[in-house]
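In our numbering, the protein residues as written are 22 to 535.
For each residue, glycine too, the CB sits at the ideal point set by N, CA and C.
This is the structure we're talking about:
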């Protein structure tokens, strides 16, 4: 395939109109480019930025290329992001997409892009985010690296084996560890007044391992800086999945040794200490079941302290919980479509069905079977869907619909999908989802009452409320005012009442009471 052309920029700092004029000009002269990646601050801490953004939204400027931005690095930036989507990402304006706090997705052309927002501080969760993102990818035995990694912070020690003494002032050992694990072919960052392009470095030891591809680290200066430092970087790349191994492992003459060895070893030692104290603490509790569960665990999933859906998180809304199993739980959907709308979620941090361990998937299916029996007794059928796109924690959405509407569900999803450019394939009964999509592939999956499964592999964009829009359409539940969950939110008292009601309805079918 032909190489893909990409633009990367440093901080925009609220100069929206000037920035998009520049991008349009570059695209016209040297494009077309597939995307723009902003690795600095898209917004500014200057109070005037709020007004600038309002004016930009009203201007209806046409953004011709998808622009992907990272999250806030300052408290003042958070006003530009909706609180509900600060972790998962959202489309802020047509073709301006906030990626989210952390994650990875595969573009329509096959590029794998990993991203991590935020600056490492003593009181934030960057280390946990790094661990979660790292675990998400390296579980795949076929993983050899990502095409692109973008981070708000610089990796600590990136200057090793170079003559440069540049520093961003926010170097992070956690980012160094992430870069060493993900082996990005290109790693971009910003948050410095100067442009910096490091020589490529090896991801293997000379004569001590098989050849691997090199990594390049590049930092961009802010847009419209006073010293004319380079703030936009254009390059072409072929996806890892398409390039030959001989081409991939070529070593440029100026390639240096791997710069993060010391930091990687230090990080691993710290993790071992944390795991040791975690296990010792479990032993002291004297809970036999807990001791059995934590005997030398093999890469346990990360419990992310700030994830809204990890049951151990301080942010989880426990009044919504209907039932708790060993590895999964069930809760009322926030902004539910109707009284039969629930979520089934893993207790630990897993981002999609594809990466779920076998025991977790088995329990998830038990919850579905229990709900299926409950809905059948109420003359309803179960429909479920999963959107593995702009989400950090798996949320299997389950809803009961009247039996007489079941025959309309398949055509409704297919027709609506066609109208928004989403093509579906039917997964054969004998195929597992993991055989149809890679770990890094974003997707939308709907399972019908007949057991049929319709899969859409996301290529670039999809409407985030697609599942709700299909179910609330005139041919099904005919509830057009309930497409957006944010417009359907109830008070805590009302939500608690819904959860109590569902708890009573579901108890006869809850396997936890067997």
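Query                                                                                                                             : Result
Residue burial classification, residue 22 (beta-carbon count within 10 angstroms, cutoff 16)                                      : exposed
Three or more C-beta pairs below 8 Å linking the stretch 32-42 and the stretch 66-79                                              : yes
DSSP beta-bridge partners of residue 237                                                                                          : 207
Sub-7 Å separation of residue 138 and residue 91 beta-carbons                                                                     : yes
Buried or exposed (CB count within 10 angstroms, at least 16 for buried), residue 40                                              : buried
Under the three-state DSSP convention, the category residue 176 falls into                                                        : strand
The stretch 436-448 / the stretch 409-418 touching (three or more Cβ pairs under 8 Å)                                             : no
7 Å Cβ cutoff met for residue 68 and residue 181                                                                                  : no
Simplified DSSP state of residue 105, which is helix, strand or coil                                                              : helix
Beta-carbon proximity of residue 270 to residue 209, cut-off 7 Å                                                                  : no
Residue closest to residue 58, alpha-carbon to alpha-carbon, out of 117, 81, 453 and 42                                           : 117
Cβ-based burial, residue 278 [other Cβ within 10 Å; buried from 16]                                                               : exposed
Beta-carbon proximity of residue 411 to residue 110, cut-off 7 Å                                                                  : yes
Residue environment, residue 472, which counts as buried when at least 16 other CB atoms sit within 10 Å                          : exposed
Local Cβ density within 10 Å of residue 536, reported as buried at 16 or more and exposed below that                              : Nothing can be reported for residue 536: it is not among the residues displayed for the chain, which extend from 22 to 535.
Length at least 3, wholly inside the stretch 392-469: the beta strand (DSSP E) runs in chain order                                : 401-409, 417-423 and 464-468
Cβ contact check for the stretch 424-440 and the stretch 350-363: 3 or more pairs under 8 Å                                       : no
Proximity of residue 202 and residue 148 at Cβ, strictly below 7 Å                                                                : no
Sub-7 Å separation of residue 422 and residue 402 beta-carbons                                                                    : yes
Three-state class that DSSP yields for residue 59 in the structure shown                                                          : strand
Any non-hydrogen atom of the ligand FMN closer than 6 Å to residue 352 Cβ                                                         : With respect to the ligand FMN, the structure shown offers nothing to examine, as it has no ligands at all.
Top-ranked residue by Cα proximity to residue 360, from 425, 500, 386 and 366                                                     : 500
In chain order, each alpha helix (DSSP H) run of at least 4 residues that lies wholly inside the stretch 235-283                  : 266-269
Top-ranked residue by Cα proximity to residue 115, from 121, 215, 408 and 80                                                      : 80
Cβ pair residue 524, residue 465 closer than 7 Å                                                                                  : no
Euclidean distance between Cα positions of residue 84 and residue 43                                                              : 11 Å
Residue 441 vs residue 463 beta-carbon contact at 7 Å                                                                             : no
Cβ neighbour criterion (16 or more within 10 Å) applied to residue 578                                                            : Outside the displayed span of the chain (22 to 535) sits residue 578, for which this structure offers no information.
With 16 other Cβ atoms within 10 Å as the buried cut-off, status of residue 531                                                   : buried
For residue 119, the residue or residues it bridges with in DSSP                                                                  : 90 and 111
Chain-order list of residues whose beta-carbon lies under 7 Å from that of residue 456 (same chain, five-residue window excluded) : none
Simplified DSSP state of residue 212, which is helix, strand or coil                                                              : coil
Length of the line joining the Cα atoms of residue 30 and residue 516                                                             : 44 Å
Segment limits, beta strand (DSSP E) that includes residue 129                                                                    : Careful: residue 129 lies outside any beta strand (DSSP E) and carries neither H nor E.
Limits of the unbroken alpha helix (DSSP H) element including residue 365                                                         : Unbroken run through residue 365 is the beta strand (DSSP E), 362-367; no alpha helix (DSSP H).
Residue 377 burial status per 10 Å Cβ neighbour count (16 or more: buried)                                                        : buried
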